[in-house]
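Under our numbering, the first residue of the sequence shown is numbered 84, with each subsequent residue one higher.
Quick reminder that beta carbons are idealized off the backbone N, C-alpha and C, glycines included.
So the structure is just underneath, and the comments pick up after that.
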Amino acid sequence: MKYFFIIIFFLIATYGFAQNEYNRLIEFAGIVVTADSLRPIPFVHIFVKDSRRGTVSDINGLFSIVGEKGQTIVFSAVGYKTVFFKIPDTLKHTFYNLIQPMITDTIYLDKTVVYPWPSKEKFKEAFINTVPPDDDLERARKNLAFMEWKDKEFNYVARDGQSAYNQMIKEISYKNYYAGQLPPNNLLNPFAWAAFVKAWQEGQFKRNSQPNKSQEYYYNEPLH
84 MKYFFIIIFF
94 LIATYGFAQN
104 EYNRLIEFAG
114 IVVTADSLRP
124 IPFVHIFVKD
134 SRRGTVSDIN
144 GLFSIVGEKG
154 QTIVFSAVGY
164 KTVFFKIPDT
174 LKHTFYNLIQ
184 PMITDTIYLD
194 KTVVYPWPSK
204 EKFKEAFINT
214 VPPDDDLERA
224 RKNLAFMEWK
234 DKEFNYVARD
244 GQSAYNQMIK
254 EISYKNYYAG
264 QLPPNNLLNP
274 FAWAAFVKAW
284 QEGQFKRNSQ
294 PNKSQEYYYN
304 EPLH
């Protein structure tokens, strides 16, 4: 019987302690917004100072956290000034709604320079073997050389195998078309006479005083 009363007393004391602990806890549910435009701030870190309680606001800035009277709730987010909210001791209820505004803050980050070389030795090697880029004058020379080559290539285009084959097929077809009969006489063809007069005016029948020399062409790599 003695042990029965001890157990009952222990349960009552435990229940009373738990009840007092529950009465000290206060739940805050609300939203975190910007101070200037009242827009919701998502992913704000919210925690009770000097405790393990904490949460994060959702995409709409909503949150819910539990704290005790006298404790401080901290609101922290990148790009905003940190806000501290101390739970008053005079609160009588266990649930309150809270609208917490936050002021925009400017964050100055240290300068970071990213290099493509993994070590100083690789940097020295790359620096020694680096070919300096062309200046404006050198680029102009290359462009002029490329344009000169393009002009020569436009004026003189050697016949490739496909064009030579097509010309040979045309000649064979022409011979087969007039096989066994007299070929047409272009003496009375006005188109042939027009082509002859035009060639005569352009001087295509003049003799070249200089002997024919083989022409050499050089290809300069075009600029990209």
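State the DSSP-derived secondary structure class of R122, mapped to helix, strand or coil. For the purposes of this step, residue 122 is taken as the residue at position 39 of the sequence shown. Three-state DSSP puts R122 in coil, outside helix and strand.
Whether or not the segment 161 to 168 and the segment 196 to 210 are in contact is what I'm after, with contact meaning three or more pairs of Cβ atoms, one per stretch, closer than 8 Å; do they touch? Short answer: they don't touch.
Minimum C-alpha distance to M185 - residue among Q250, W232, N143 and P123: Taking the sequence shown and counting its residues from 1, the one referred to as residue 185 is at position 102. The alpha carbon of M185 has as its nearest neighbour, out of Q250, W232, N143 and P123, the alpha carbon of P123.
Neighbour-count burial assignment, V178, 16 or more Cβ in a 10 Å radius: Against the sequence shown, residue 178 aligns to sequence position 95. The sequence given here places Phe at residue 178; Val does not occur at that position. Exposed is the call here.
Within 8 Å, strictly: CB atoms of P171 and N143: Taking the first residue of the sequence shown as position 1, residue 171 is located at position 88. Taking the first residue of the sequence shown as position 1, residue 143 is located at position 60. No, the pair does not count as a contact, with Cβ atoms beyond the cut-off.
In angstroms with no decimal places, state the Cα-to-Cα distance between I156 and F167. Your numbering for residue 156 matches position 73 in the sequence shown. Your numbering for residue 167 matches position 84 in the sequence shown. Approximately 6 Å between the Cα atoms of the pair.
How is G113 classed by DSSP in three states: helix, strand or coil? The residue labelled residue 113 in the question sits at position 30 within the sequence shown. Residue state, collapsed to three classes: strand.
Please classify P184: does DSSP put it in a helix, a strand, or coil? Residue numbering aside, residue 184 sits at position 101 when the sequence shown is read from its first letter. Note: P184 maps to strand in three-state DSSP.
Might you give, ordered along the chain, the residues of its own chain that have their beta carbon closer than 8 Å to the beta carbon of F206, omitting 5 neighbours on each side? Taking the first residue of the sequence shown as 1, we reach residue 206 at position 123. Cβ neighbours of F206 beyond the five flanking positions: Y198 and W200.
Let's see if you can read the secondary structure: which residues bound the alpha helix (DSSP H) around V280? The residue labelled residue 280 in the question sits at position 197 within the sequence shown. It spans P273 to Q284 - the alpha helix (DSSP H) in which V280 sits, taken as one unbroken run.
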